[in-house]
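One structure is given below, encoded as structure tokens.
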Amino acid sequence: MSSPSPRCLYPLKDLDPAHSPFPEPQAALFCSRQWFELLARTAVQGEALLLDNARSGAHFSALAVHRRPERRLGLSFSSIEALSNYYSMYYKVIGSTRTEDLQALAGSIASLPFPVLRLGPFAGEDGTCNALAEALRTNGFSVQVSEAFGNWIEPTQGRAFETYFAARPSALRNTHERKRRALEKQHRWQFRLLEHDDAALEKGIADYLAIYGSSWKPPEQNPGFMPALIRLAARQGQLRLGLVDIDGQAAAAQVWLRDGDTSLIYKLAHHPRLDAFSVGLLLTTEMMRHAFDVDRVALIDFGSGDDPYKKDWMSQRRSRETLTAYNRRTMLGLLASLKA
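Heads up: the sequence shown begins at 9 in our numbering, then just goes up one per residue.
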């Protein structure tokens with residue numbers, strides 16, 4: 009029989025929802041309880057756990073994690089990993105990030121028998137990753153912080169879309185105008201935007217899945233995740249599912265999410281038979297227009313990765329960071345830190 013988990017590590021479902029430290033998903037989707045439950049249900053192996061600092065009230069700090077079996081140095085063991093994956097645009101400490109509370113959280117982590125801890129992707133700009141790394145080091149861990157991915161953004165600065173678009177590279181603007189005119193000479197096109205959990209949503213999901221399946225994109229490793237996320241975001245008022253129809257048939261789709269004061273460009277796909285008309289560019293332009301002129305957000309976020317085309321749309325790059333810590337109080341952690 010396995011020994012019970014220490015008190016600081018317990019199933020997320022055991023946390024009383026009435027006293028939840030999680031932010032509302034409309035304010036910070038990727039560190040909300042709903043997000044972690046969605047990941048655990050559709051995309052991450054292992055039970056969703058909460059690892060806390062054994063404090064309460066304003067001093068409560070916690071991490072949403074799961075156990076991951078692995079093998080290293082010829083031995084099998086379990087590591088503790090962030091409840092996150094490539095779908096996660098950021099990862100945060102839940103609750104307090106004050107120094108003394110992070111120290112207590114690091115002490116809780118050190119009390120566990122897990123040799124390896126992996127967390128991220130943290131937002132590099134808020135300093136939490138480095139603060140937690142320092143707390144772990146003072147509690148006996150060897151810690152490495154590395155970049156998980158680049159994140160391109162554009163502050164809107166109160167501008168109208170036309171002002172923003174006029175400042176884009178001339179090659180982008182000219183291509184958009186030329187391709188749009190060519191499309192309109194040969195076809196009828198329509199822009200659709202779905203935001204609500206209503207009768208039109210299921211058709212929109214089916215259109216998105218059909219376009220994604222016919223595009224250049226690799227098949228989803230977790231096919232149930234995106235439909236579930238789209239429905240969740242629609243219920244919470246965060247969904248911006250844009251589609252371009254050509255002659256009545258869906259040809260391009262983009263899933264954007266309203267995350268606090270940010271419009272996040274999350275998933276893009278278009279049908280390759282219409283590459284000649286750059287329907288993806290046409291759809292991005294309409295989605296940008298909506299974000300600037302209707303949603304009037306403070307920031308446009310192009311998600312993960314340094315794809316060259318993102319520089320045409322965004323002006324700033326920031327970093328998302330991964331923290332890997334080896335518990336030198338355990339033999340495996342000590343050996344792994346020496347070979348890292």
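Glycine is no exception: its CB is placed at the ideal position from the N, C-alpha and C atoms. It should be emphasised that the depicted structure is a prediction, and the values quoted were computed from it without experimental measurement.
In terms of DSSP beta bridges, what is residue i paired with?
i, result
"V52", "Answer is none; V52 lacks a bridge partner."
"H184", "The partner list for H184 (beta bridge, DSSP) is empty, contrary to what the question assumes."
"G250", "L201 and Q262"
"R126", "E89 and T332"
"G158", "S327"
"V287", "According to DSSP, which records beta bridges pairwise, V287 is partnered with nothing at all."
"F169", "F169 is not bridged to any residue."
"A131", "R328"
"Q369", "The shown model of the chain, from 9 to 348, leaves out residue 369, and the question about it has no answer."
"P163", "L307"
"E78", "F85"
Any idea what DSSP makes of residue i, helix, strand or coil?
i, result
"K275", "strand"
"T270", "strand"
"V73", "strand"
"P235", "helix"
"M9", "The pLDDT assigned to M9 is 32, lower than 50, so where the model puts this residue is not dependable, and the model offers no usable value."
"D314", "coil"
"R337", "coil"
"G103", "strand"
"L343", "helix"
"P25", "helix"
"L217", "helix"
"P94", "Note on residue identity: the sequence assigns Tyr, not Pro, to residue 94. Y94 falls in the coil class under three-state DSSP."
"V302", "helix"
"P19", "strand"
"R189", "helix"
"L307", "strand"
"Q152", "strand"
"D60", "strand"
"R176", "coil"
"G245", "coil"
"N147", "coil"
"H195", "coil"
"M296", "helix"
"D206", "coil"
"F44", "helix"
To which residues of the same chain is residue i closer than 6 Å at the C-beta, ignoring the five residues directly before and after it?
i, result
"P235", "I213"
"N147", "A114, G115 and A118"
"S13", "Caution is warranted here: a pLDDT of 48 is assigned to S13, below 50, making its placement in the model unreliable, and the coordinate value is therefore given only provisionally. Excluding residues within five positions, none has a Cβ falling inside 6 Å."
"V287", "V252, A259, A260 and H278"
"A333", "L125, L144, F149 and V151"
Count the other CB atoms within 10 Å of the CB of residue i; is the residue buried (16 or more) or exposed (fewer)?
i, result
"V263", "buried"
"L100", "At residue 100 the sequence reads Lys, which differs from the Leu that was named. K100 should be labelled buried."
"P33", "buried"
"H74", "buried"
"M339", "exposed"
"V302", "exposed"
"L47", "buried"
"L249", "buried"
"A306", "exposed"
"Y317", "exposed"
"R79", "exposed"
"R49", "exposed"
"R145", "exposed"
"A112", "buried"
"E329", "buried"
"H27", "exposed"
"Q257", "exposed"
"K347", "exposed"
Can you find the residues in the same chain that come closer than 7 Å, C-beta to C-beta, to residue i, ignoring five residues on each side of it along the sequence?
i, result
"R188", "L290"
"L282", "I254 and A259"
"G103", "P29, F68, S69 and A70"
"S96", "F38 and P129"
"W197", "L191, V252, D253 and I254"
"L58", "Y18, L20, L23, A70 and A72"
"E89", "V73, H74, R76 and R126"
Tell me, to the nearest whole angstrom, how far the beta carbon of residue i is from that of residue j; I am working on the premise that it is less than 8 Å.
i, j, result
"E294", "F173", "About 11 Å separates the two Cβ atoms, so there is no contact after all."
"C16", "F30", "Not a contact, Cβ separation roughly 17 Å."
"A51", "A72", "No, A51 and A72 are not in contact; Cβ-Cβ is about 13 Å, not under 8 Å."
"M322", "E162", "5 Å"
"G132", "R326", "6 Å"
"N335", "F122", "7 Å"
"A242", "L272", "Actually they do not touch by this definition, with Cβ atoms about 15 Å apart."
"A261", "I219", "5 Å"
"G7", "F157", "Beyond the ends of the chain as shown, which are 9 and 348, falls residue 7; an answer cannot be given."
"A168", "F285", "The pair is not a contact, with the Cβ atoms about 26 Å apart (cut-off 8 Å)."
"D320", "R176", "6 Å"
Please work out which residues of its chain come closer than 8 Å, Cβ to Cβ, to residue i, disregarding the five sequence neighbours upstream and downstream, and give them in chain order.
i, result
"P280", "S222, S223 and W224"
"T107", "A139 and A143"
"R337", "A118 and G148"
"Y94", "S312"
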